[in-house]
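*Asks:* Below: one structure in structure tokens.
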Amino acid sequence: MTDTGSKKQTGGKTMEPVETLVNSRVRRLAEYLKIDPEIAQELYYQSELWNSIDGLEHKARKEELEHLRSLRKALAKHSTKFEHQDVIQTTFRIDGFNLKKTLAHLEEQLDLMVGFGEAKMREQP
Numbered sequence: 003m004t005d006t007g008s009k010k011q012t013g014g015k016t017m018e019p020v021e022t023l024v025n026s027r028v029r030r031l032a033e034y035l036k037i038d039p040e041i042a043q044e045l046y047y048q049s050e051l052w053n054s055i056d057g058l059e060h061k062a063r064k065e066e067l068e069h070l071r072s073l074r075k076a077l078a079k080h081s082t083k084f085e086h087q088d089v090i091q092t093t094f095r096i097d098g099f100n101l102k103k104t105l106a107h108l109e110e111q112l113d114l115m116v117g118f119g120e121a122k123m124r125e126q127p
């Protein structure tokens with residue numbers, strides 16, 4: 003996001019527009035610390051704070067992970083029902099689709115996604 007703010011010149015009498023690329027959180031921090039926003043931005047990237055998540059993001063990730071777990075559980079529960087019901091699967095096979103393999107692949111992918119999500123959640127403070 004481009005910020006067209008104002009930068010005080012020597013003596014604080016003249017104001018000149020400055021175009022910078024500064025994160026809004028970093029801008030607020032810079033104002034609080036009374037330092038140049040560009041310096042704050044540089045420190046922000048050097049400290050890798052940009053790679054951490056805040057409380058709202060953490061909550062959203064947790065909810066998404068729970069939805070993935072729920073989907074994985076529902077798929078495991080319902081995919082077994084297709085082992086005995088073969089009418090629609092025959093139609094799928096005629097058209098070149100294998101429902102059982104597709105469901106197994108989807109289950110495997112969900113396991114990987116949940117595992118990855120859980121590992122990422124453990125990395126965060």
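Residue numbers for the sequence shown follow this note's numbering, beginning at 3 and rising by one.
Virtual Cβ for every residue (Gly too), placed ideally from N, Cα, C.
Every value quoted in this text rests on a predicted model; they were computed, and no experiment measured them.
Can you give, in chain order, each stretch of the alpha helix (DSSP H) that sits fully within the stretch 39-94 and has at least 4 residues?
*Replies:* Counting only runs of 4 or more, we get 39-48 and 57-81.
*Asks:* Buried or exposed: where does V89 fall if 16 or more other Cβ atoms within 10 Å of its Cβ makes it buried?
*Replies:* Exposed is the call here.
*Asks:* Looking only at its own chain, which residues have a Cβ that is under 6 Å from the Cβ of R29, when we skip the five neighbours before and after it?
*Replies:* The residues are P39.
*Asks:* In terms of residues, what are the limits of the alpha helix (DSSP H) holding D97?
*Replies:* No alpha helix (DSSP H) holds D97; DSSP gives it neither H nor E.
*Asks:* Note down the Cα distance separating Q91 from S26, rounded to an integer number of angstroms.
*Replies:* So the alpha carbons of these two residues sit roughly 53 Å apart.
*Asks:* Does the stretch 70-89 touch the stretch 104-119, meaning 3 or more C-beta pairs lie closer than 8 Å?
*Replies:* Enough Cβ pairs lie closer than 8 Å, so yes.
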